[in-house]
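Visitor:
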Amino acid sequence: MRKLTVRLAILWTLVLSCAAFARVHFRSLTTGVAYDLGQLKTTEGRLLEDRSSLTGELARLTTRKKLEDLAQTRAKTGNEGAAKR
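Residue numbering for the sequence shown follows my numbering, beginning at 3 and increasing consecutively.
(1) In whole angstroms, what is the alpha-carbon distance linking Ser19 and Lys5?
(2) What span of residues does the alpha helix (DSSP H) with Thr45 cover, start to end?
(3) What does the alpha-carbon distance come out to for the pair Gln41 and Leu49?
This is the structure we're talking about:
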């Protein structure tokens, strides 16, 4: 009877130790994932700001007036290049 009690105590000690180690392991994994998620959120914010800035720049560069000015500049440059040949 005493051997059974000792074996049972050892078994429970091992089971509880494994459960404690598993808990610590999963807590550290959760902390790491939360840290990574925070970094990704920061990157997302920066990328959204860049996108907004680039969208504004694209809108500014693709206005009708800007495109007409660009076409005239290229036409003048193209004509001068043809005259030099």
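Idealized CB from N, CA, C, for every residue including glycine.
Nothing here was measured: the structure is a model prediction, and the numbers come from that model.
Guide: According to the structure data:
(1) The alpha-carbon atoms of Ser19 and Lys5 are separated by roughly 21 Å.
(2) Residues Arg4 to Leu63.
(3) Within the model, the alpha-carbon separation for Gln41 versus Leu49 is close to 12 Å.
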